[in-house]
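K.L.:
Residue numbers (my numbering): -18 to 165.
The structure under discussion is supplied below as structure tokens; questions concerning it will follow.
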């Protein structure tokens, strides 16, 4: 496990399009399918990373709090499953069910979506406005498996609250820290 920070993509850039399979439903899901006219949260996660496991319950709480407010969520697993079988689609279904993910959890087998988003780690978070322009990239909050900070989702919650009230999202954003994406 290589501890890796987010690449911190350029704010204002347009969300790259994707159409990916959802192992839990067997359907494919595109960005247009889930795009919100309020905000769209794109998360790069996986099944086995201790940084993701540490925050997985908060991802469910976060989505359950904001889906009713019109904010869309999607999670994407881009890890190489040949060398990391714990991230296989079957295990993705188990993970989604274990944590009760109320959002699609998609598999990026080609890793092209992760590359297009410049995702570097799991978890890695991006928030896009109704025009699919990036307004936030970075961490969920300050919690890490190695510290005593509570998992609250405060950074993403602050960005989403700004969007809901029509305020500008703060440009003071901190990189997420996690396991590197397992590239082929």
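The beta-carbon is built from N, C-alpha and C at its ideal position, and this holds for glycine as well.
(1) At which residues does the beta strand (DSSP E) containing residue 107 begin and terminate?
(2) Identify the residues that DSSP records as bridge partners of residue 48: which are they?
(3) Tell me the start and end of each unbroken alpha helix (DSSP H) in the region 86 to 141 that is at least 4 residues and wholly inside, in chain order.
(4) Would the C-beta of residue 157 count as close to the ligand HEM, meaning under 7 Å from any of its heavy atoms?
(5) Would the region 31 to 48 and the region 63 to 80 be scored as touching if the rule is three or more Cβ pairs under 8 Å?
(6) Starting from residue 158 and walking both ways along the beta strand (DSSP E), at which residues does that stretch end?
(7) So what does residue 1 bridge to, in DSSP terms?
(8) Quick check: the region 123 to 132 against the region 142 to 154, are at least 3 beta-carbon pairs closer than 8 Å?
(9) DSSP on residue 57, reduced to helix/strand/coil?
(10) Is residue 164 closer than 8 Å to residue 92 when the C-beta atoms are compared?
(11) Kindly indicate which residue of 44, 7 and 86 has the alpha-carbon position closest to the one of residue 27.
(12) I'd like to check one pair, residue 162 with residue 69: are the Cβ atoms closer than 8 Å?
(13) Write down the C-beta distance between residue 43 and residue 138 rounded to the nearest angstrom, noting that I regard them as a contact closer than 8 Å.
P.N.:
Looking at the atomic coordinates:
(1) It spans 105 to 110 - the beta strand (DSSP E) in which residue 107 sits, taken as one unbroken run.
(2) None, per the DSSP bridge assignment.
(3) Counting only runs of 4 or more, we get 93 to 98.
(4) Questions concerning the ligand HEM fall outside what the structure shown contains, since it holds no ligand whatsoever.
(5) Contact between the region 31 to 48 and the region 63 to 80 is present, with at least three C-beta pairs closer than 8 Å.
(6) Per DSSP, residue 158 belongs to the beta strand (DSSP E) from 158 to 161.
(7) In the DSSP secondary-structure assignment, residue 1 is bridged to 10.
(8) For the pair of segments examined, the region 142 to 154 was found not to touch the region 123 to 132: the number of CB pairs separated by less than 8 Å stays below three.
(9) In the structure shown, residue 57 sits in a strand (DSSP, three-state: E or B).
(10) Closer than 8 Å, so yes.
(11) The shortest C-alpha to C-alpha distance from residue 27 to any of 44, 7 and 86 is the one to 86.
(12) The answer is no: Cβ separation not under 8 Å.
(13) Their Cβ separation, rounded to whole angstroms, is 7 Å, which keeps residue 43 and residue 138 in contact under 8 Å.
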